[in-house]
Amino acid sequence: MSFDTLVFYLLAALTVFAALRVITARNPVHAALFLVLAFFSTAGIWMLLEAEFLAITLVLVYVGAVMVLFLFVVMMLDINLVQLREGFWRWFPFGVVLAAIMVFEMVWVLGSRQTVETGAQVAKHAADYSNTKELGRLIYTEYVYPFELAAVVLLVAIVAAIALSLRHRRDSKSQDVAKQVAVRREDRVRIVSVPSGKKAGPGIED
Amino acid sequence: MSFLSTLFPAYAEIFLLVMVSAILIVDLFLTNPNKTVTYALVQLTLLGCSMITVSTHQHGVVYLFHNMFVDDLMSDVLKMLSYLSVSMMLVYSRNYLMVRGLFTGEFMALTLFALLGMMVMISASHFLTLYLGLELLSLSLYAMVALQRDSAIATEAAMKYFILGALASGLLLYGMSMFYGATGTLEVAAVSDAITHGVPNKALLVFGLVFVVSGLAFKLGAVPFHMWVPDVYHGAPTAMTMLIGTAPKLAAFAFVMRILVEGLQPLMVHWSGMLVILAVLSIAVGNITAIAQTNLKRMLAYSTISHMGFLLLGVLSGGIDGYGAAMFYAAVYVLMSLGGFGMIMLLSREGFEADTLNDYKGLNQRSPWLAFVMLLLMFSMAGVPPMVGFYAKFSVLSAVVNAGHIPLAVIAVLFSLIGAFYYLRIVKLMYFDAPESHVPISIQPDSGLLISMNGLAVLALGIMPGTFMSVCAVAVQQSLLLH
Amino acid sequence: MMELLQAIEQMGQSLLGVAWVPVWTLVKIVAIVAPLMIGIAYLTLAERKVIGYMQVRIGPNRVGYYGLLQPLADGIKLMFKEIIIPTGSNRFLFVVAPVLALMPALAAWAVVPFADGMVLANVNAGLLYILAMTSLGVYGIIIAGWASNSKYAFLGAMRSAAQIVSYEIAMGFALVCVLMAAQSMNLGDIVHGQQGKAGLFGWYFIPLFPMFLVYLIAGVAETNRAPFDMAEGESEIVAGFHVEYSGMAFALFFLAEYANMILIAALTSIMFLGGWLPPFDVAPFNWLPGLFWMLAKMSFVLFLFLWFRATFPRYRYDQLMRLGWKVFIPLTLIWVVVVGAWMQTRFWLW
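Protein chains in written order, with our numbering: chain A, 1 to 206; chain B, 207 to 689; chain C, 690 to 1039.
Next up, the structure:
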């Protein structure tokens, strides 16, 4: 067993363990943290495949941004664990059957790949091979159409998110800078000329 | 400039994307609450798109973007129908949405994004673009259903639609990944070639096919994957229901054609069997359940399910007859639903949805012309002879018979007869019952004119279906048999 | 110098064989981390002195000459303090959090070149790696805040998470401009891209000046330094995420913060200020080794950090978010387009 294979099995075992803990952990924050671990080990596997761009992007995007926001929300929620786990055992057999089917099919797919390309070895790349550059070239030439479409899908997601959540609250205390800058002296200051020199009104004693 | 001219067949999509981005920005600076300028821009965009589609039409099948985009007669015809449908939907729903405060720039932008998604699906020749187009369409629709945020029922509908839609997308993707595993390509034509030349693991393909067909059935709303349809149709604001129920069905037809017919033709033995089950169940469940409905939107939802069954019947019988009939059926269905939902919106007013059957009691006394138009639409949906709905059903059934599935045809006819009951019940309510409310009906001139034209078109196309039917047949023939 | 290194390497290889590579790497890691730790220690002293003088005070001057042994004394004090684990806290995560804060701050140094070729791992995707590592530091903070079972700590953690995620985007786009200009993600190549006859006018801070500012300011925000130290916010939430920490656990957070500062300083120097390059490639300047210039630039940027802290009052939270989302992100997005267009013209001289 070469060093690569050893590392692969280590990472794969870690991924499976972390993924299992994601669904079995009692505390949702722990579950989220195990998901982070699963992402990390997956990134490691990608790294073994010389896909450093994907590996690092996985860490950057999922671990660095998505999961942080996820944790952010999960930590703030008051989740009732008992309620959450209700019906777990009822659905458990169903889940197991589904998982078994998935595993079975995965094996099938990978098995058939092997028969398509019998013993085809993936060539190792030279040290100056840049996975990032290759991906960039493909995305902007051959896959430019789906790439742009994906961008449009994201645009729709943004428009939809804003349309669904933006609502001006009257009691919001956030500052409007444009308004502050545009304010004029007359809006804030009122000069009142108080007549002076008159005698004060009658006293209380009267 | 030579690069730009190579994009010639995709000009309509590019134009639409540019315009919708511009509309999004322009709309920010418009303060008119009626959004007249935005609305005009949207209609102009649709007009521009149709002009571009006509003028960029080329004979034969043209591929673009490394075989990911295909331009053929079928795609052009379907796109034109989609523009028309979206444009009509906007006319019908303008007043309805305005009184509910939903006629916003985002609504129109999302509508156009949904249209872009449909166009992408219609012109896709790669599993990746098919999927992305579908997601673009679905994502826009989910958001639009949820736009009415103060309505609990709309929010619930959006949630159901979103979750089941995501599940369906997952099924589709999983199926596609199996095709990729078995054939090593995602290109529709290449997948077809690879299967014809034999793949080592055919069982895997069939497995993938099950997932893809399930996903498609989900999106079409065919039984047993139809649970979301009534709830979403009922819960969404009627304008959104209309959008969901019309043009996307054309895109869904294209989707079925591209995946099953163009990509998986060699597996037809397998998928036609699955479609038989879906079609029969849809026609049966759709027609029988619709009888029990008291809400017109729910009833139309179940009627959609049965219409989708008919569409699948056309597809599974195969050949130019079958595919042409299915395409014709899809187009006719869109026309009829536009009228049906249009009528609901026309009769609605602020704080009142004309969506229960009782609201149609005695419509003849309140507005004889509207009642007549509704009669035309209902007759057409039921398949009563002079209307186009009859001809659509007839052409599908004759294709089914020609393909040798006589029991299927018998079942379909039987259930359509059962289905005719609930369409005719509305006619009975309109003409023979006393009205429950006497609130005068006020109709905007544009939507009033449109619904009249819609109703008359159903009649006129029924009397002279020949031209359009042959357009469908030629379109299917050109795009399927030339490669 | 280079010959000496080669000689050591040959000797080691013949002596240890296969085991040599890990051993030599370990030596290199120590050679980076040890000076870094000393740097951190004296950065704290420099901070107190600089701010002291800016506020017309003297700063620490009791331990050693001019207070030079002060960091040592602080370290010893922290080491002998008790680590208190609050009741109701999540014990494991509470202990692990400071480690998680420090680890990425140190790991990022692997790809930082100190001089031409003087780098632990010369990888192609260095810039991406840096971005990924700096985005991980937030975990230590939010886990600490959550595991402490304290409302102040939790508030600090939430603030910090939102802040870091927001500013990371602007930071990432600023770096996109740099990698467009350099056409490489290798940090060494980015410095080489700034080399030229023009000396300091060839550095990227000139064409990318707005990005330089964005990166610097976002860097301050990323490290939770004043005026963006909402996560600590002494006056509002006591000390924020590390309010429950004491002793060495607290010291680790402290180390992480300062290690991050030095890291940002190093990255700013590499990406915008020409790294190890002298300002003018002429006689008196290029006599000095590259390492000197690199350290000089880092010191300058670090001085800016201290200067900011002494000068600016703390931002309010909504102002911070506004700056990040409504000013920096649009600005960086526009500048990406500007640089892209600029590079297609003849006027791109870099």
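For each residue, glycine too, the CB sits at the ideal point set by N, CA and C.
- Around the beta carbon of A:K179, fewer than 16 other beta carbons sit within 10 angstroms, so the residue counts as exposed.
- Going by DSSP, B:F313 is part of the alpha helix (DSSP H) stretching over G311 to I328.
- Taking 9 Å as the cut-off, the Cβ atoms of C:V903 and C:A955 do not count as close.
- Annotation for B:E341: G323 and S375 place their beta carbon closer than 8 Å to its own, counting only its chain and skipping 5 residues before and after.
- Proximity of chain B to A:P146 at the Cβ level (cut-off 7 Å) is accounted for by M274, L334, T335 and L338, in chain order.
- C-alpha of C:F974 to C-alpha of A:W46: approximately 44 Å in a straight line.
- Exposed is the label assigned to A:F104, since fewer than 16 other Cβ atoms lie within 10 Å of its Cβ.
- Annotation: Cβ neighbours of A:T132 in chain C (cutoff 9 Å, chain order): N813, A814, L817 and M874.
- Contacts with chain A at 9 Å (Cβ-Cβ) do not include C:Q1033.
- If you compare the alpha carbons of C:V854, C:G829, C:S855 and C:Y856 with that of C:F843, the shortest gap goes to C:G829.
- Contact between the stretch 587-594 of chain B and the stretch 653-671 of chain B is present, with at least three C-beta pairs closer than 8 Å.
- For the options C:M807, C:T776, C:L825 and C:I774, the alpha carbon positioned closest to that of C:M792 is the one of C:L825.
- Within the stretch 816-838 of chain C, contact with chain A at the beta-carbon level (separation under 7 Å) is assigned to L817, Y818, L820, A821, S824, L825, V827, I831 and W835.
- Residues of chain A whose Cβ lies closer than 9 Å to the Cβ of B:S586 do not exist; the shortest such Cβ separation is about 34 Å.
- Short of 7 Å from the beta carbon of B:V462, and not among the five residues preceding or following it, lie these beta carbons of its own chain, in chain order: L422 and V521.
- Listed in chain order, the non-local C-beta contacts of C:D878 below 7 Å within the same chain comprise A871, local neighbours out to five positions each way being set aside.
- Nearest to C:I953 by alpha-carbon distance, out of C:A928, C:R914 and C:M937, is C:R914.
- Using a CB distance below 9 Å, the part of the stretch 344-357 of chain B facing chain A consists of L345, S346, Y348, A349, M350, A352, L353 and R355, ordered along the chain.
- B:V268 sits in a strand when the DSSP states are folded into three classes.
- Not a single CB atom of chain B sits nearer than 9 Å to the CB of A:A31.
- By the rule that beta-carbons nearer than 9 Å mark a contact, C:R1011 touches chain A.
- For the pair C:A814 and A:E50, the CB atoms are not nearer than the 9 Å cut-off.
- Residue nearest to B:V680 within the set B:V283, B:V405 and B:Y245 is B:V283 (criterion: CA-CA distance).
- With respect to the C-alpha of C:F769, the residue from C:L1022, C:M937 and C:A810 having the closest C-alpha is C:M937.
- For B:I511, the closest C-alpha among the options B:T237, B:A485, B:E559 and B:S398 is that of B:A485.
- Interface residue (Cβ-Cβ distance to chain C less than 9 Å): A:L69 is classified as such.
- Taken through DSSP and simplified to helix, strand or coil, B:V607 comes out as helix.
- Nearest neighbour of A:Y62 by Cα position, chosen from A:V159, A:E86, A:L48 and A:L35, turns out to be A:L35.
- Between B:V419 and B:G371, the C-beta gap is not smaller than 9 Å, which leaves the two residues out of contact.
- Under the 9 Å criterion on CB atoms, A:A150 is classed as interfacial with respect to chain B.
- Distance from the CA atom of B:L222 to the CA atom of C:M860, rounded to whole angstroms, is 33 Å.
- At a cut-off of 9 Å between beta carbons, A:W108 contacts chain B.
- Cβ contact annotation for B:S291 (same chain, cutoff 6 Å, sequence separation greater than five): T452, A453 and V540, in chain order.
- Between C:G806 and the set C:G748, C:V867 and C:V880, the nearest pair of CA atoms involves C:V880.
- When 7 Å is used as the limit between beta carbons, A:Q175 is near these residues of chain C: D1007, in chain order.
- Residue contact with chain C for A:T42: absent (no Cβ-Cβ distance below 9 Å to any residue of chain C).
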